[in-house]
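For the sequence shown, numbering that gives the first Met the number 0 begins at 0 and goes up steadily by one.
Ideal Cβ positions, reconstructed from N, Cα and C, are used throughout, including at glycine.
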Amino acid sequence: MASSSSSSSSSVTSVVLKNFVPSGEPKLSDFEVKKVPAPSKDQLKDGQVIVKPLYLSIDPYLRFRLMGSKDTFAESYVKGEAVSNILVGEIAASSSKSFKQGDLVLDNDGKWQTEYITDASNVSKAQLRDGICARDFVGVLSMPAYTAYYGTVILGKPKAGETILVSAASGAVGQMVVQIAKAKGLHVVAAAGTDEKVDYVKQLGADAAFNYKTCGSYADAIKKAAPNGVDIYFDNVGGEFLDAALADINEHARVVICGAISQYNVGSPDKLYGVKNIVNVMYKKVAVIGFIIFEHYNTPEQERFFDEISKIGVAPILSWSNLNYDVKTKQGSRCLLHDISGSIYPGELVAIMGSSGAGKTTLLNVLSGRVQGGRLYGEINFDGSKRNPHNFKRMLAYVEQDDLMFPQLTVDETLLASAGLRLPDEKYTKADKRERVDTVMRDLRLSHVKDTRIGGYGARGVSGGERKRVSIGVELVTDPAILVLDEPSSGLDSSSAEMVVSLTKDMCRQRNLCTLMTIHQPSSEMVAKFDKLILLSQGKLIYMGPMAQALPYFESLGYPSTNSNPANFFIDLTTIDFSSDKAMQQSMEHVQNLADAFVKFRESGGQLPASDAAAIDANAANDDQMGSQINTVNNSNAASIQSRSTINKDITQEQVNLVLYEPPPMNKWHKEFWILLKRDLSLVRRNTSLLYGLLAQCLSFIIFLGFVFFQLDTDQASVQNRVGALFMFSVLCSFPVIFPIVSIVMTGRSVLLRERSAGTYRMSSYFLAKVLSFFPMAYIPYTITYLGIYFIAHLQYDAGKFFIGLANVYSIIFNSIGFAFAVSMITRSMDVAFVILPVTISNLMLFAGNLSNSQAVTPVLRWIKYVCMYYYGYSAFMQNEFGGLKFTCSDDSAICYRTGEDVIRSYGLDEQAIWLCIVINLCIAVGNFIFAYGLTRWLAKPRYLWI
């Protein structure tokens, strides 16, 4: 169900109860999904709010609400009205002083409707803590989780070493009981309904488990699994299983009755199971306690539950301690980061702020594993253990400040290529990848521009804000654990920047994604969206903690904010004043005092005075009205404490150890190659200015060369014309080919570096695809040019010579492509490349055998001709054209060539046979490609410091 903003839609979607279900299992036909009028802010009465659900919870007790009976503990649903249950939502509009737009709230009976009106007294603010995200309130902090905690800890009164038996242990409540009991030091015996569920509860920590459907006698199975008897029985099933548990119960045991699911759908009362071992309750002095969890909401026990459970199994996704980073300068060594420590958790949107030179980008790059040069020391852990560069690269998505994408591709093509290359075929089908791309476009509000080109470099395309969101989408299709953004608001207007941050916030909540971004001076609206702030100055940590605690923290130090925008206050407070030496010294001492104060604050436990803490709203606001996806959490398999901080890695540790520097490829080589080739061919095909330029070039060559050397005869003048025509064509097969290829390769090099830093593909598949994509651009127009010049100039009309000449043309073009790639990788600047190229090509032309006799070149430089493609290409042209020709000589001819062989010998171009010239040229081309591939691999190889 996707929610719709009340300001942008006249209706919303609602799930309505169609039929009561007094017995049996509910069916989809008992419900109806319908459109209802959208609530508006004008409809709000004083003290009411509009809630936009983010996550819904589906719980077993809802079965009672579907019966239509007043005789159950749960209030019945009303037929024809929206069903409801516990949910996590966001305030879309408010007329209450207690809530503002964007607040994250809990509603214990919220409607399954994309937006609805309720009294403010029905909702409460969801208090986020480290490691706790919005989704956890319908997962490990949900009603089933609280049920498990209250029954196990409050009523069960467990003592370490005791044995607890849990029925329906793989269910929403049961699996939480297993984990809480293990955390309390109990011996856990679990019963589940399938072998897969038995394996699952063992993974959660159960010491013994059995399949109650295949175990035979319940009593025998319990006795075998719990030979020392049962001290606590947490009952979710009732009936025969409760009877069997009482048969193995110990003295002074506690039986906590949470549910009796085996009895819910039996129909008439006479079919209910009668417990036979009830007498053991008396004999063994057993305490049997039943409870309804709703009666224990908003109690000290619930607050204790939140505090205790939020600390169990919660590990930061990324943590770092004592980070120091030094670089060498002319004055010696400069420390850019000083003893920085901290951690971030899934579901958090974290901002790194500070004035220019504070160390924001440096810290971001250090944490992302993208810092180069200098000396780095300290410790960084990913998902609770030391970072492995291969795992980490796969699980981190890095969005650079510049939007590095191909302007000729559409939004859809850009995202689909990223998904095709970075999502493994073993896990995702083609349809899955297509769906992932569609979901990302929908989440980032890009569906309406899916067929629009990215644009840039003077080409029309999507807007700046849309381009930034595409950059984010390129990374999000990989389903990362951490999203890192370097100055995402750079170059955007305030509205676009705020939308980027708002959508990023939504993605954090929906995907339980940790997002870390540097941002220089955001608006107050953007500041309100951040969950956590890392404030730096001169590489020192000034503050790290909840954004909402930042202002009270500085106020407690004696620095109350006088600025309506907290970001401006933070910058003013931590900026170094360079107006004079005295001012600089004083401001540096001020920054040091702030850093020292935060160290003391952390050492004291990081607690603000009670008066300050009571005023803190720790929930980030979200002002955008665009709607978000409602996520339904089925608590039967979503309540694992341990799994909250467990990252699903794409590669195993064994695979990691096989590769020293580069991550294992995600897909097979031919799949990568095909995706890259299609993308590169699209880039060439859509470069219309280049294609039109090649067409114009082709026509001009045919016209000028063909008609300058029009219909060559066999007199002495035709000798010179043939020599000139063949030399010009040798040059034209390379010079106009090399320059556009160099331009295209160097323009796309930044994208190559970005994609290789993320381990998107193999270097070999990229290189071969890029080379082959240039073949149509190079070979088609020059084949046409050769045909035109050959017949207009009237070179020898012989089929054999025609095709030999064509083969020579192809060998020169092939060589030119390799040469262009090599030059593209040697130089880092296109300006430098375009200075080097004419000089290099002009010097090589000297050794072709036309401007100077190839055998008369000084021995010091003569070796160059043997590695010169012009020498072999021109030699093959000359031998092919002049071979077998007879010329006439007039009486006034100063020089007379009677045969073509005379011409060839006079130019010294008869050292190698035609076929050998072509073969050697191809060998030189292969050498160029090998050299270019080595340079490309070396250039694109990540060289980052890791700790």
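For a test of the three-state rule: what should DSSP assign to Gly138, helix, strand or coil? For Gly138, the secondary structure class from DSSP, reduced to helix, strand or coil, is coil.
Pick helix, strand or coil for Trp319, following the three-state DSSP scheme. Trp319: strand per DSSP, three-state reduction.
Indicate whether at least one CB of chain B lies closer than 9 angstroms to the CB of Ile260. Absent from the structure: chain B. Only one protein chain is present.
Is the CB-CB distance between Ile835 and Thr826 below 9 angstroms? Against a cut-off of 9 angstroms, the Cβ pair of Thr826 and Ile835 comes out as a contact.
For His793 and Ser889, I'd like the C-alpha separation in whole angstroms. His793 and Ser889: Cα-Cα distance of roughly 22 angstroms.
I'd like to confirm the pairing. Which residues does DSSP put opposite Ala191 in its beta bridges? Under the DSSP definition of a beta bridge, Ala191 partners with Asn210.
Pull up the DSSP beta-bridge partners for Val48, would you. In the DSSP assignment, Val48 is bridged to Ser93 and Thr117.
Contact check, Val255 vs Ala244, beta carbons under 9 angstroms: At least 9 angstroms separates the beta-carbon of Val255 from that of Ala244.
Pull up the DSSP beta-bridge partners for Cys513, would you. BP columns for Cys513 point to Ile481.
Simplified DSSP assignment, three categories, for Gly1004: The structure shown does not extend to residue 1004, since the chain spans only 0 to 946, so no value can be given for it.
Cβ-based burial, Tyr896 [other Cβ within 10 Å; buried from 16]: Buried, since its Cβ has 16 or more Cβ neighbours within 10 Å.
Cβ shell of Thr573 (< 8 angstroms), same chain only, five flanking positions each side left out: The residues are Gly353, Ser354, Ala357, Leu534, Leu535, Ser536, Ile541, Val590 and Leu593.
If contacts are defined as beta-carbon pairs under 8 angstroms, then Tyr873 and Leu725 qualify, I think. What distance do you get, rounded to the angstrom? So it is a contact: roughly 7 angstroms between Cβ atoms.
Can you list, in chain order, the residues of its chain with a C-beta nearer than 6 angstroms to that of Leu86? Leave out the 5 residues immediately preceding and following it. Cβ within range, chain order: Pro52, Leu55, Asp106 and Gly109.
Quick check on the burial criterion: 16 or more other C-beta atoms within 10 angstroms. Buried or exposed for Thr213? By the 10 Å Cβ count, Thr213 comes out exposed.
Are the CB atoms of Val448 and Glu465 within a distance shorter than 9 angstroms? It is a contact, given that the beta carbons lie within the stated cut-off.
Which residues mark the beginning and the end of the alpha helix (DSSP H) in which Asn879 is found? Asn879 -> alpha helix (DSSP H) spans Met868 to Phe881.
Candidates Gly238, Gly472, Thr162 and Val722: which alpha carbon is nearest Val229's? When Gly238, Gly472, Thr162 and Val722 are compared, the shortest CA-CA separation from Val229 is found for Thr162.
Nearest neighbour of Thr413, chosen from Gly238, Glu474, Ile379 and Pro545 [CA to CA]: From the listed residues Gly238, Glu474, Ile379 and Pro545, the smallest Cα separation to Thr413 is found for Glu474.
Secondary structure at Asp492, three-state DSSP: helix, strand or coil? Of the three classes helix, strand and coil, the one that applies to Asp492 here is coil, per DSSP.
When the Cα of Pro739 is compared with those of Pro226, Phe818 and Ser851, which residue comes out closest? Ranking the options by Cα distance to Pro739, first place goes to Phe818.
Rounded C-beta distance between Ala416 and Ile674? I'm assuming under 8 angstroms. Yes, Ala416 and Ile674 are in contact; Cβ-Cβ is about 6 angstroms, under 8 angstroms.
Contact between the stretch 79-96 and the stretch 166-176 (3+ Cβ pairs under 8 angstroms): Result no; under three Cβ-Cβ pairs closer than 8 angstroms.
What's the call for Gln371, buried or exposed, on a 16-neighbour Cβ count within 10 Å? Per the 10 Å Cβ criterion, exposed.
CA-to-CA distance, Trp937 to Tyr943, given in whole angstroms: Roughly 13 angstroms between the two C-alpha positions.
Alpha-carbon to alpha-carbon, Ala207 and Gly192: Those two C-alpha atoms are separated by around 14 angstroms.
Considering Ala716, what are the terminal residues of the alpha helix (DSSP H) in which it resides? For Ala716, the enclosing alpha helix (DSSP H) starts and ends at Gln715 to Leu731.
Arg502 to Ala91, Cα distance in whole Å? The sequence given here has Leu at residue 502, not Arg. Separation of Leu502 and Ala91 (C-alpha to C-alpha, rounded to the nearest whole angstrom) is 15 angstroms.
Would you mind sorting Thr935 into buried or exposed? The rule is 16 or more other CB atoms within 10 Å of its CB. Buried, because 16 or more other Cβ atoms sit within 10 Å of the Cβ of Thr935.
First and last residue of the alpha helix (DSSP H) that includes Glu378? Going by DSSP, Glu378 is part of no alpha helix (DSSP H) but of the beta strand (DSSP E) stretching over Arg374 to Phe381.
Flag this pair as yes or no: are the beta carbons of Tyr324 and Gly258 separated by less than 9 angstroms? Result no, Cβ atoms of Tyr324 and Gly258 do not sit closer than 9 angstroms.
Going by CA-CA distance only, name the one from Ser367, Asp194 and Asn849 that's closest to Asn720. That would be Asn849, whose Cα lies nearest to the Cα of Asn720.
Just verifying my parser: in three-state terms, what is the DSSP assignment at Arg253? Correct three-state label for Arg253: strand.
State the start and end residues of the unbroken beta strand (DSSP E) segment that holds His337. Gly331 to Ile343 is the span of the beta strand (DSSP E), which, as asked, contains His337.
Roughly how many angstroms lie between the CA atoms of Asp135 and Leu154, to the nearest whole one? Spanning the two alpha carbons is a distance of roughly 24 angstroms.
Are Val741 and Leu532 close, meaning C-beta to C-beta below 9 angstroms? Their beta carbons are not under 9 angstroms apart, which means Val741 does not touch Leu532 by this criterion.
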